[in-house]
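Encoded as structure tokens, the structure appears first; notes follow it.
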Amino acid sequence: MKKIGVFVCHCGLNIKETVDVVEVARTVKEQNKEVVFAQDYIFMCSDPGQNLIKQTIEENNLDKVVVACCSPTLHETTFREAAKEAGLNEFQLEVANIREQCSWVHTDKQLATKKAIKIINSLIEKVRLNDSLEPVEAPMTKKALVIGGGVAGIQAALDIAEAGYPVVLVEKSPSIGGHMAQLSETFPTLDCSQCILTPKMVSVAKHKNITIHANSEVDMIDGIVGNFKVRIRKKAPYVDPNMCTICNDCAEVCPVWVPNEFEEGLAFRKAIYIPFPQAIPATYTLDIDNCLGLSPIACGKCREVCEANAINYDSYDEIIEEDVGAVVVATGFDLYNMEKMQEYGYGKYPDVIDGLMFERILSATGPTGGQVRRPSDGKVPKSIVFIQCCGSRDPEHHNSHCSRICCMYTAKHAKLYKHNVHDGNAYIFYIDIRSGGKGYEEFIQDSVEKEHIIYIRGKAAKVFQEKDELVVWGVDTLTGKRVEVRADMVVLAMAMVPSQGTLDLAKKLKMSTNEIGFLTEAHPKLRPVETVKAGFFLAGAAQGPKDIPDTVSQGSAAASKALALLSSDRIFHNPETALVVEEYCCGCGICVSVCPYGARVIDPKKKIALVEEVLCESCGSCIAACPTGASQQKNLTDSQLSNMLNAILKGVS
Amino acid sequence: MPFEPKIVCFLCKWCTYAGADLAGTSRLTYQPNSIAIRLMCSSRLDPQHILEAFKKGADGVFIGGCHPGDCHYQNGNYKTLRRITLLKRMLPGLGIEPERVNLIWISASEGGRFAEKMNEFTDTIRRLGPAPRALS
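Line by line, the protein sequences give chains A and B.
With the first sequence counted from 1, adding 50 to any position gets you my numbering.
With the second sequence counted from 1, adding 13 to any position gets you my numbering.
As structure tokens, this is what we get:
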């Protein structure tokens, strides 16, 4: 006969208030012959509580334990570790959830007590037939994949590479750098964005442990934590980066002009181009969608002039396969589409622009050479209206979230504008100012007091053109009066939303997201860079709106989590996998067809199905599909489920 | 004694079980007629266990899985959907109303939805009365 011990936690008053813990311990012992010990205790998770478990296991020679307490997601590991210390296999301990799913959700003490007894009884039935298991071991691939080459991805890649592990960095666009490369100066210090970013970009390019795949996308990731198989699709590299000397001869002869994405459409580029002078990889890129054709008959001018012979028209998309152990997802953000806010006249009036376009206008390397000039006629604007929260904090029409950085960058925009145009007027429409960050509030105060930027508390209702000017209608909610501001230019602080790349990747890799598509972390407070997919870590604005310091911190945090994984030699895997009872298996192969991981295979000799334990993720779908009952789940067999049902429904029919 | 429904829940540990935990953490309340069995995925649930539950005296079976597209195991919830749809077609032949089996998608962040759906289902079973014991 087995010897089972049951421990019932009071959790202070959290359980005790609604569940009669003494009665529970007494009844459970009475109803189960095998329960040789049952006791309640105020805090099982405390040190004395754990010692009680350890002592009782040793003194009573227990071979099975049930702890009735909070959800197993919280303290299962704690108690299993304690059991292990007392010499019991960790899988001989089960947790009965009588807090989250009993005492906290019910009010009637008598009914809650009855329910708690049944919950514990069902777990006693489960643990009775539990096998002692040892974790499944697998080798660890000591290499990381970083998806996204913005500052978050750059930081993560550098940190992992610095620690001595190889990193594959995949970037969708022709250069790494992300949105940060486009920014003029950064708040609250007003240091030049490119000046602080490009050294990091160069370090990435030069690092012997980092391989950059630009113009590439992740197609698929198979496998499990520690042993992922990655398929990367690299767009045909018509220009060989190793041979290109960046002389610009090709761009000079190229006859095609298209809007420049890096300049947010405010300038033009050729069909063969370098996104910006410091681009990494440092090479020209042939934009095949806009090129006249890869044939000397159609055009072929660039290849003719290329003295380095770096251009090869016979290039094709390439599939690159990599084995990695950990993945950092840093796919970043886009700005919410301005076309969705028709009341502000984007598309109708060329002088209504978004924050990123204004960054380019302010940038010394931008289309206007750092001179603030408006897009329509190149005139220096004498007044600019900035509108905050465009598409943010508006659950009825757009997004409900706060984009976190707009208050700060709008103040920065207004400040830089005033530095540039000394007699200019800057007006900011705001809901309220959120400047929580080191030196941020001081920055805002400075904008108001020293720079005389005019803050109007209220939302702008409408923007329209009158002759040469834009007219902004709004309400000043502090005075309760309608206001009308005439401006030469309007800058919209558009909401930060997950980038298209983030949305696509989440779908491809089945990563969970919130309602607008930001990637979800494993726990909002305690596991902010992990995901529920083991081995996947998050960094940067793909997880939620954040500024540069937070993005960089999260990049480093994701790297340190990935490093903890990469630094172990073996990876341990949950052993509660599928198993096969050989004499029942008829070799029909249904399990093979339902397994999403390729963990079920038919043994060609025995003609029965096997389980590749390292690949099995324990979902159990093959077990439900098995027509003969040969497939079972370790420690959750059909017999165990059946016995658990008995315990739950005892005394009913 | 008035009729009190006996409900067995089979909950996916990644979504609905965590949602049920969240209902507790948020101190929401629902009727104490259900007891949950935690599964790694709703697709672990063999329809025979649902029939077995009815045979052993359950009045309703509540199955919680991840929203379409969110399955931790890629597509387990779709497999569950197919299995339960077929089972529901079979149930009237056994004298059991198909409404007694409820497959529902509840995410880990939907504590409120769990409490609400659990109350709704308990009321449905209360209205239907005890399940016929044709199987026993």
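From the three backbone atoms N, C-alpha and C, an ideal C-beta is built for every residue, glycine too.
{"Query": "Element boundaries [alpha helix (DSSP H), containing M103(B)]", "Result": "89–103"}
{"Query": "Close-in-space but distant-in-sequence residues of the same chain around N693(A) (CB under 6 Å, 5 per side omitted)", "Result": "E175"}
{"Query": "Closer than 8 Å: P425(A) CB and nearest the ligand SAH heavy atom", "Result": "What this structure holds is no ligand at all, so the ligand SAH is not there to describe."}
{"Query": "Residue-chain proximity (V114(B), chain A), Cβ-Cβ < 9 Å", "Result": "no"}
{"Query": "is_contact[R40(B), chain A] using C-beta, thresh 9 Å", "Result": "yes"}
{"Query": "Buried/exposed call for R102(B), threshold 16 Cβ in 10 Å", "Result": "exposed"}
{"Query": "The segment 319–332 of chain A in contact with the segment 366–375 of chain A per 3-pair CB rule at 8 Å", "Result": "no"}
{"Query": "Rounded distance between the beta-carbons of A121(B) and A71(B), thought under 8 Å", "Result": "Actually they are not in contact, since the Cβ atoms of A71(B) and A121(B) sit about 25 Å apart, beyond 8 Å."}
{"Query": "Assigned secondary structure, F436(A) (DSSP; H/G/I helix, E/B strand, else coil)", "Result": "strand"}
{"Query": "Sequence-distant residues of its chain with Cβ nearer than 7 Å to P400(A) (five each side left out)", "Result": "P425, S426"}
{"Query": "Three or more C-beta pairs below 8 Å linking the segment 153–165 of chain A and the segment 92–102 of chain A", "Result": "no"}
{"Query": "Proximity test, Cβ basis, 9 Å: S668(A) and chain B", "Result": "yes"}
{"Query": "Residues within the segment 684–703 of chain A neighbouring chain B, beta-carbon criterion of under 8 Å", "Result": "L686, D688, L691, S692, M694, L695, N696, I698, L699, V702, S703"}
{"Query": "As assigned by DSSP and simplified to three states, the class of S703(A)", "Result": "Reliability fails at S703(A), whose pLDDT of 42 lies under 50, so the model's placement of it is uncertain and the value that follows must be treated cautiously. Three-state DSSP puts S703(A) in coil, outside helix and strand."}
{"Query": "Extent of the continuous alpha helix (DSSP H) to which I503(A) belongs", "Result": "From DSSP, I503(A) is part of no alpha helix (DSSP H); its letter is neither H nor E."}
{"Query": "Per-residue burial, K655(A) [other beta carbons within 10 Å of its own, 16 or more giving buried]", "Result": "exposed"}
{"Query": "Backbone secondary structure at P431(A) - three-state DSSP", "Result": "coil"}
{"Query": "Under 7 Å from the C-beta of D136(B): neighbouring residues of chain A", "Result": "Here the premise fails: no neighbours, minimum Cβ distance about 16 Å."}
{"Query": "Per-residue contacts from P646(A) into chain B (C-beta, under 8 Å)", "Result": "Y86, Q87, N88, G89"}
{"Query": "Supposed contact pair I262(A) and E221(A) - C-beta distance, whole angstroms, cut 8 Å", "Result": "7 Å"}
{"Query": "Buried or exposed by the 16-neighbour rule on C-beta atoms within 10 Å, applied to S681(A)", "Result": "buried"}
{"Query": "Buried or exposed (CB count within 10 angstroms, at least 16 for buried), K462(A)", "Result": "buried"}
{"Query": "Pairwise C-alpha distance: S47(B) and T127(A)", "Result": "26 Å"}
{"Query": "Cutoff 6 Å; reference S121(A); Cβ partners in own chain excluding five residues on either side", "Result": "N147, E150"}
{"Query": "Proximity of M131(B) and Y30(B) at Cβ, strictly below 9 Å", "Result": "no"}
{"Query": "Unbroken stretches of the alpha helix (DSSP H), 4 residues or longer, contained in the segment 58–142 of chain A", "Result": "71–81, 97–110, 122–135"}
{"Query": "Backbone secondary structure at K468(A) - three-state DSSP", "Result": "helix"}
{"Query": "Inter-residue Cα distance where the pair is V116(A) and T601(A)", "Result": "43 Å"}
{"Query": "Rounded straight-line distance, which links the Cα of K596(A) to that of Y459(A)", "Result": "12 Å"}
{"Query": "Short CB-CB distance (under 9 Å) between K557(A) and chain B", "Result": "yes"}
{"Query": "DSSP state of Q515(A) mapped onto helix, strand, coil", "Result": "strand"}
{"Query": "Span separating the alpha-carbon of T98(B) from that of I117(B)", "Result": "12 Å"}
{"Query": "Proximal residues, the segment 132–160 of chain A versus chain B, C-beta separation under 9 Å", "Result": "N147, R149, E150, Q151, C152, S153, W154, V155, H156, T157, D158"}
{"Query": "Chain-ordered residues of the segment 582–596 of chain A with a beta carbon less than 7 Å from chain B", "Result": "V582"}
{"Query": "Neighbourhood of C352(A) by C-beta distance below 7 Å, restricted to the same chain and skipping five residues each side", "Result": "C300, V303, C304, I322, I361"}
{"Query": "Any chain B beta carbon closer than 9 Å to I169(A)", "Result": "yes"}
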